[in-house]
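Residue numbers (our numbering): 1 to 144.
Heads up, the beta-carbon is just placed ideally off N, CA and C, and yes, glycines get one too.
Report on one structure; see the data block that follows.
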Amino acid sequence: MKKINKNNILNYCVKKKLYLTPTRIMLIDLLSKHSKPKSAYELLKLINKKKNMNLNISTIYRVLNFWVALGFVHRISALNKYILCGRPDEKHVHMLNFCVRCENIIESCNKNVDLNLEKITKNLNLKFINSRSLEIPVICSSCN
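Spelled out as C-alpha coordinates, the structure:
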(Lines of atoms letter the chains of each structure in order from A; the text may use other names.)
(Lines give C-alpha, C1' and ligand atoms only; values in the text may rest on other atoms or scores of the structure.)
Protein backbone atom coordinates (compact mmCIF):
# COMPACT_ATOMS: atom_id res chain seq x y z
CA MET A 1 0.00 0.00 0.00
CA LYS A 2 1.25 3.45 -0.92
CA LYS A 3 2.59 5.46 2.00
CA ILE A 4 1.40 9.02 2.40
CA ASN A 5 3.16 11.81 4.19
CA LYS A 6 1.69 12.27 7.66
CA ASN A 7 2.82 15.91 7.63
CA ASN A 8 0.43 16.54 4.71
CA ILE A 9 -2.40 15.21 6.86
CA LEU A 10 -1.41 17.38 9.80
CA ASN A 11 -1.02 20.46 7.57
CA TYR A 12 -4.50 19.84 6.15
CA CYS A 13 -5.91 19.83 9.68
CA VAL A 14 -4.11 23.07 10.57
CA LYS A 15 -5.45 24.75 7.40
CA LYS A 16 -8.99 23.61 8.18
CA LYS A 17 -8.56 24.71 11.81
CA LEU A 18 -9.26 21.23 13.12
CA TYR A 19 -8.17 20.66 16.67
CA LEU A 20 -5.16 18.34 16.79
CA THR A 21 -4.81 16.71 20.17
CA PRO A 22 -1.59 14.92 21.12
CA THR A 23 -3.48 11.61 20.88
CA ARG A 24 -4.72 12.39 17.35
CA ILE A 25 -1.19 13.23 16.24
CA MET A 26 0.25 10.18 17.98
CA LEU A 27 -2.27 7.84 16.35
CA ILE A 28 -1.77 9.17 12.81
CA ASP A 29 1.99 8.93 13.37
CA LEU A 30 1.67 5.34 14.52
CA LEU A 31 -0.55 4.34 11.59
CA SER A 32 1.86 5.98 9.15
CA LYS A 33 4.60 3.61 10.32
CA HIS A 34 2.64 0.43 9.55
CA SER A 35 1.81 -1.01 6.14
CA LYS A 36 -0.57 -3.62 7.57
CA PRO A 37 -3.87 -2.79 9.25
CA LYS A 38 -3.99 -2.56 13.03
CA SER A 39 -6.87 -3.10 15.42
CA ALA A 40 -7.78 -0.47 17.97
CA TYR A 41 -6.50 -2.79 20.69
CA GLU A 42 -3.17 -3.29 18.91
CA LEU A 43 -2.81 0.49 18.60
CA LEU A 44 -3.71 0.96 22.26
CA LYS A 45 -1.09 -1.57 23.29
CA LEU A 46 1.59 0.07 21.12
CA ILE A 47 0.82 3.55 22.42
CA ASN A 48 0.66 2.58 26.09
CA LYS A 49 3.87 0.55 25.77
CA LYS A 50 5.95 3.03 23.74
CA LYS A 51 4.77 6.25 25.31
CA ASN A 52 4.38 4.87 28.83
CA MET A 53 0.80 6.09 28.85
CA ASN A 54 -2.46 4.67 30.10
CA LEU A 55 -5.03 5.53 27.45
CA ASN A 56 -8.30 3.60 27.31
CA ILE A 57 -9.86 1.91 24.31
CA SER A 58 -12.74 4.40 23.99
CA THR A 59 -10.19 7.18 23.42
CA ILE A 60 -8.55 5.17 20.65
CA TYR A 61 -11.90 4.50 18.95
CA ARG A 62 -12.88 8.17 19.25
CA VAL A 63 -9.63 9.28 17.61
CA LEU A 64 -9.89 6.61 14.90
CA ASN A 65 -13.44 7.78 14.13
CA PHE A 66 -12.13 11.34 13.78
CA TRP A 67 -9.57 10.25 11.16
CA VAL A 68 -12.02 7.93 9.37
CA ALA A 69 -14.59 10.75 9.09
CA LEU A 70 -11.93 12.95 7.44
CA GLY A 71 -11.04 10.15 5.00
CA PHE A 72 -7.42 9.79 6.12
CA VAL A 73 -7.93 6.36 7.68
CA HIS A 74 -9.87 3.37 6.38
CA ARG A 75 -11.72 1.01 8.67
CA ILE A 76 -11.70 -2.50 7.26
CA SER A 77 -14.88 -3.85 8.80
CA ALA A 78 -14.25 -7.48 7.90
CA LEU A 79 -11.01 -7.41 9.90
CA ASN A 80 -12.08 -4.75 12.41
CA LYS A 81 -8.78 -3.00 11.70
CA TYR A 82 -7.59 0.38 10.52
CA ILE A 83 -5.07 1.55 7.96
CA LEU A 84 -3.92 4.90 6.63
CA CYS A 85 -5.54 5.82 3.31
CA GLY A 86 -3.08 5.75 0.43
CA ARG A 87 -4.95 8.35 -1.61
CA PRO A 88 -7.02 10.59 0.68
CA ASP A 89 -7.15 13.45 -1.82
CA GLU A 90 -8.96 11.33 -4.45
CA LYS A 91 -12.74 11.58 -4.33
CA HIS A 92 -13.96 8.15 -5.41
CA VAL A 93 -14.77 4.81 -3.87
CA HIS A 94 -11.57 3.35 -2.50
CA MET A 95 -11.45 -0.37 -3.13
CA LEU A 96 -9.58 -2.09 -0.34
CA ASN A 97 -8.41 -5.47 -1.59
CA PHE A 98 -7.27 -7.24 1.57
CA CYS A 99 -5.55 -10.59 1.67
CA VAL A 100 -7.45 -12.88 4.03
CA ARG A 101 -4.21 -14.72 4.86
CA CYS A 102 -1.53 -12.07 5.41
CA GLU A 103 -3.73 -8.93 5.64
CA ASN A 104 -1.77 -7.16 2.92
CA ILE A 105 -3.83 -4.26 1.56
CA ILE A 106 -3.89 -3.24 -2.09
CA GLU A 107 -5.86 -0.02 -2.50
CA SER A 108 -7.43 0.64 -5.87
CA CYS A 109 -10.17 2.79 -7.33
CA ASN A 110 -13.56 1.91 -8.76
CA LYS A 111 -12.86 4.22 -11.72
CA ASN A 112 -9.54 2.53 -12.55
CA VAL A 113 -11.24 -0.86 -12.88
CA ASP A 114 -14.20 0.64 -14.77
CA LEU A 115 -16.68 -0.20 -12.04
CA ASN A 116 -19.59 2.24 -12.17
CA LEU A 117 -21.28 1.64 -8.83
CA GLU A 118 -23.87 4.35 -9.42
CA LYS A 119 -25.01 2.69 -12.66
CA ILE A 120 -25.02 -0.81 -11.17
CA THR A 121 -27.20 0.20 -8.24
CA LYS A 122 -29.49 2.30 -10.47
CA ASN A 123 -30.08 -0.80 -12.65
CA LEU A 124 -31.33 -2.53 -9.50
CA ASN A 125 -33.61 0.44 -8.76
CA LEU A 126 -31.40 1.45 -5.84
CA LYS A 127 -29.46 4.58 -4.98
CA PHE A 128 -25.72 4.23 -4.39
CA ILE A 129 -24.41 5.82 -1.20
CA ASN A 130 -20.69 6.50 -1.35
CA SER A 131 -19.24 4.83 1.73
CA ARG A 132 -15.70 5.92 0.78
CA SER A 133 -14.48 2.35 0.60
CA LEU A 134 -15.42 -1.07 -0.63
CA GLU A 135 -13.80 -4.13 0.93
CA ILE A 136 -12.82 -7.01 -1.30
CA PRO A 137 -11.39 -10.16 0.30
CA VAL A 138 -8.65 -11.65 -1.85
CA ILE A 139 -5.62 -13.91 -1.65
CA CYS A 140 -2.54 -11.97 -2.72
CA SER A 141 0.14 -13.29 -5.04
CA SER A 142 2.51 -13.87 -2.11
CA CYS A 143 0.02 -16.16 -0.39
CA ASN A 144 -1.34 -17.86 -3.50
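Proximity of residue i and residue j at Cβ, strictly below 9 Å
i     : j     : result
LEU70 : ILE60 : no
SER32 : LYS6  : yes
Opposing strand residues paired with residue i [DSSP bridges]
i      : result
ILE106 : ASN97
ILE120 : DSSP lists no partner for ILE120.
VAL138 : CYS99
VAL73  : LEU84
Three-state class that DSSP yields for residue i in the structure shown
i     : result
ASN8  : helix
LYS38 : strand
LEU55 : coil
TYR19 : coil
Identity of the residue in the options nearest residue i by Cα
i      : options                      : result
TYR41  : LYS50, ILE76, ASN56, GLU118  : ASN56
LEU134 : LEU30, ILE105, ASN144, VAL93 : VAL93
So does the stretch 74–83 actually touch the stretch 24–41, counting three or more Cβ pairs closer than 8 Å? yes
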